[in-house]
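Here is the structure we will look at.
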Amino acid sequence: MSARPSTPEIGQTMPAPTEIPWTHADTVTIRDLTGHGERIVGDPGELAELARLLEVDRAGAGFVCMCWGDVEFLVRDPSRRTLAVLRLHLGSGLDWSAWGGQLPLLRAEALTRWLTERGLCAAPRP
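Below you can see the structure in the form of structure tokens.
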């Protein structure tokens with residue numbers, strides 16, 4: 009039986025993150041967990057843009073949160089097999105179970121704007 013990896017303390021650097029399997033992604037279902045909507049992205053150009061917006065700071069300090077997050081990204085391959093379930097925590101980072109916690113986004117404001125333009129999250133407060 010393998011031991012579960014330890015969860016980093018707040019401010020502790022996380023181990024090198026596993027890559028999100030974008031090269032095998034066919035669709036991403038984006039769901040606002042606060043009830044603002046759902047959308048399936050399958051256009052290759054839009055998938056590439058989304059992958060760029062979801063890039064994380066690999067050297068950033070990790071954070072473990074107990075909430076569900078604000079927006080869920082369900083990444084699937086052409087056979088509809090789930091490759092990754094990512095959770096966006098607005099104002100804090102992106103969470104994936106393979107990382108063991110959240111990592112800070114490189115383009116958080118641009119991602120929030122992209123989601124807001126598509127009705128997938130509430131507009132940020134000024």
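FYI, the working numbering numbers position 24 of the sequence shown as 32, with every residue one higher than the one before it.
The C-beta atom is built at its ideal place from N, Cα and C for all residues, glycine as well.
Are residue i and residue j touching if we call contact CB-CB under 7 Å?
i    : j    : result
C129 : V64  : no
L102 : L113 : yes
F81  : I38  : yes
With a threshold of 7 Å on Cβ separation, who are the neighbours of residue i within its own chain once the five nearest residues in sequence on each side are excluded?
i   : result
L61 : R115, A118, L119, W122
On the CB-based measure, 16 or more other CB atoms within 10 Å of its CB, does residue i come out buried or exposed?
i   : result
G19 : Low confidence applies here, because G19 scores a pLDDT of 43, under 50, leaving its location unreliable and the question unanswered by this model.
R84 : buried
I28 : buried
Which residues in the same chain have their Cβ closer than 6 Å to the Cβ of residue i, if we skip the five residues on either side of it in sequence?
i   : result
G53 : none
E46 : R39
The beta strand (DSSP E) spanning residue i covers which residue range?
i   : result
T35 : 35-40
R84 : 79-84
T90 : 90-97
Roughly how many angstroms separate the alpha carbons of residue i and residue j, rounded to a whole number?
i    : j   : result
R126 : D34 : 19 Å
L41  : W30 : 22 Å
C75  : G50 : 28 Å
L55  : L94 : 14 Å
R88  : V36 : 10 Å
Alpha helix (DSSP H) containing residue i: first to last residue?
i    : result
W122 : 116-125
G53  : 52-61
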